[in-house]
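So the structure is just underneath, and the comments pick up after that.
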Amino acid sequence: MTPRDVSIPNENNFCGGSFPDWLEVNLIDKCNGKCSWCIEKSGYHPKTHLPWKKIVGEIIKTGKKNIILLGGEPTLFKDLRLLIDLLNDFDKNVYLTTNGSLLSPDYVRKNFTNLHALNISIHHYDSARNLQIIGLLIDYNLIKDSITELHKNNVSVRLNCNCISGEIDSEEEIFKYIRFAKTVGADKVRFAELKDDKSNFVDLAMIMKYEYGLNDDPFLLGCNKDVVINGMPVNFRQMCGLQTDLKKKPINPKQIVKKVLYYDGKLYDGWQRTFPKENTMNEKDLEILLSGVESGDVPVSEAMRLIFSEMKKMREISQEIIRKTHLSSGGCQY
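Residue 339, in our numbering, is where the sequence shown stops; the numbers in between run on with no holes.
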């Protein structure tokens, strides 16, 4: 096997080992948004919800320094302030990603005094367009005032924007969004491609004319680029062939899978996905088939055809599960 037969991720990629001292926490399964492309719609949602103190205990056990609270929508977690404050007492840097729907200066004062940094997911500079995308009307004046309040406690703020076809989908739109981010006082912006969504996919390398290190093979050449555009620190997050069929698929990829702590208190290898039940033969069906063969009602050749057909289906299902696991496991939620 030649080196080309094995794909080693770029060392700056999440799955290549960067951000080693980070822990992602799936804090809550509830969300008040309606994003059509949300990958957590098919996410794993444990039935058990640990009390907040026990969640903190499990976080501390990992020994990680940087903790990012995700969901769902983590601001819906009723004991959020208590959880953040206790993690701060243990000298943890706490990050949180929110859709911004509950943000206000008062909310910030009550809940985010001990937060290290906040990511606000706003997918268009026009609030009406953002409403169409996430199903929530966000008051950008409140966002601006909330960021001002966050800065009083030296909390850094990044705006996260998923690039969607028909929305932020060109170099001009990228520049407009950066201007918007400046007006609300954001410290940084992230532009990300969509996972596993062909119809709405925007290729960042193409629209930005392959500048800033953007490329057609993010797995090998790097998916995570930090640059400065018009005075604003910008992070570009590209998807590789494990996350979209529109990119080159790595051959025999070797990844470092990061652990994710779920609200049930268990550590999982990456973000988990659930899969719909496939129309495959169950044990009872197999018994009926074998009985038919024994009785002579079903020819052996027909039985073998059905069994081989089932084997093919199961192989396809297994391959899809592996693909989805790769898609969700690379620490790509930051």
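Built from N, CA and C at the ideal position, the CB exists for glycine as well.
Note that the structure is predicted; figures quoted are calculated from it, not measured.
### Task
Check whether the region 33-41 touches the region 238-250, counting contact only when three or more Cβ pairs, one atom from each stretch, lie closer than 8 Å.
no
### Query
Three-state secondary structure (DSSP) at Cys20?
helix
### Task
List the whole-angstrom C-beta distance separating Ile60 from Tyr215, where the pair is believed to meet the contact cut-off of C-beta under 8 Å.
That belief does not hold up - the Cβ atoms of Ile60 and Tyr215 are roughly 43 Å apart, past 8 Å.
### Query
Which residues in the same chain have their Cβ closer than 7 Å to the Cβ of Asn158, if we skip the five residues on either side of it in sequence?
Around Asn158: Thr118.
### Task
Would you mind reading off the limits of the beta strand (DSSP E) that contains Thr102?
Asn98 to Thr103
### Task
Starting from Asn341, follow its DSSP beta bridges and name the residues at the other end.
Given a span of 6 to 339 for the chain in the structure shown, any question on residue 341 remains unanswerable.
### Query
Is the beta carbon of Ile125 sitting closer than 8 Å to the one on Asn98?
no
### Task
Note down, in chain order, each residue of its chain lying with its Cβ closer than 6 Å to the Cβ of Thr53, except the 5 sequence neighbours on either side.
Asp269
### Query
Is Val262 helix, strand or coil when you go by DSSP?
coil
### Own chain partners of Lys259 with C-beta closer than 8 Å, once the 5 adjacent residues on each side are dropped
Val11, Ser12, Ile13 and Pro14
### Task
Find the nearest neighbour of Phe24 within the set Lys263, Lys271, Glu315 and Pro304, judged by alpha-carbon distance.
Lys263
### Task
Check the C-beta distance from Ile64 over to Leu92 and give it rounded, since I have them as a contact under 8 Å.
With 8 Å as the limit, Ile64 and Leu92 qualify as a contact, their Cβ atoms being about 7 Å apart.
### Query
Is Pro56 buried or exposed, if buried means 16 or more other CB atoms sit within 10 Å of its CB?
Exposed, because fewer than 16 other Cβ atoms sit within 10 Å of the Cβ of Pro56.
### Task
Note down, in chain order, each residue of its chain lying with its Cβ closer than 6 Å to the Cβ of Ile272, except the 5 sequence neighbours on either side.
It should be pointed out that residue 272 corresponds to Leu in this sequence rather than to Ile. Correct list, in chain order: Lys264 and Leu266.
### Query
By the 10 Å Cβ neighbour count, where 16 or more other Cβ atoms means buried, how is Asn287 classified, buried or exposed?
When all chains shown are included, Asn287 counts as exposed.
### Task
Report yes or no: is there a C-beta of chain B within less than 8 Å of the C-beta of Glu315?
Among the chains in the structure shown there is no chain B, since it carries only a single protein chain.
### Message
Restricting to Cα atoms, I'd like to know which of Ile212, Asp90, Ser41 and His50 is closest to Trp276.
### Response
His50
### Message
Taking its Cβ as the centre, do 16 or more other Cβ atoms sit within 10 Å of Cys20, making it buried, or is it exposed?
### Response
buried
### Message
On the DSSP bridge list, what partners appear for Glu29?
### Response
Ile73 and Val265
### Message
Rounding to the nearest angstrom, what Cα-Cα distance links Leu199 and Phe206 in this structure?
### Response
6 Å
### Query
Cβ of Glu172 within 8 Å of Cβ of Arg134?
yes
### Local Cβ density within 10 Å of Ile179, reported as buried at 16 or more and exposed below that
buried
### Task
Could you check which residue in Pro255, Leu142, Lys58 and Arg310 has the C-alpha nearest to that of Asp131?
Leu142
#### Entry: Identity of the residue in Phe241, Val113, Ile139 and Arg86 nearest Phe196 by Cα
Phe241
### Query
Looking at C-alpha atoms only, which residue of Ile44, Ile183 and Ile256 is the closest neighbour of Met237?
Ile183
### Query
How would you call Ile148, buried or exposed, if buried means at least 16 neighbouring beta carbons within 10 angstroms?
buried
### Task
Report yes if the C-beta distance between Ile127 and Tyr100 is below 8 Å; otherwise report no.
no
### Task
Determine the closest residue to Cys43 out of Asn18, Glu78 and Val113, with distance taken between C-alpha atoms.
Taking only the C-alpha atoms, the option nearest Cys43 is Glu78.
### Close-in-space but distant-in-sequence residues of the same chain around Lys70 (CB under 7 Å, 5 per side omitted)
Asp26, Lys97 and Asn98
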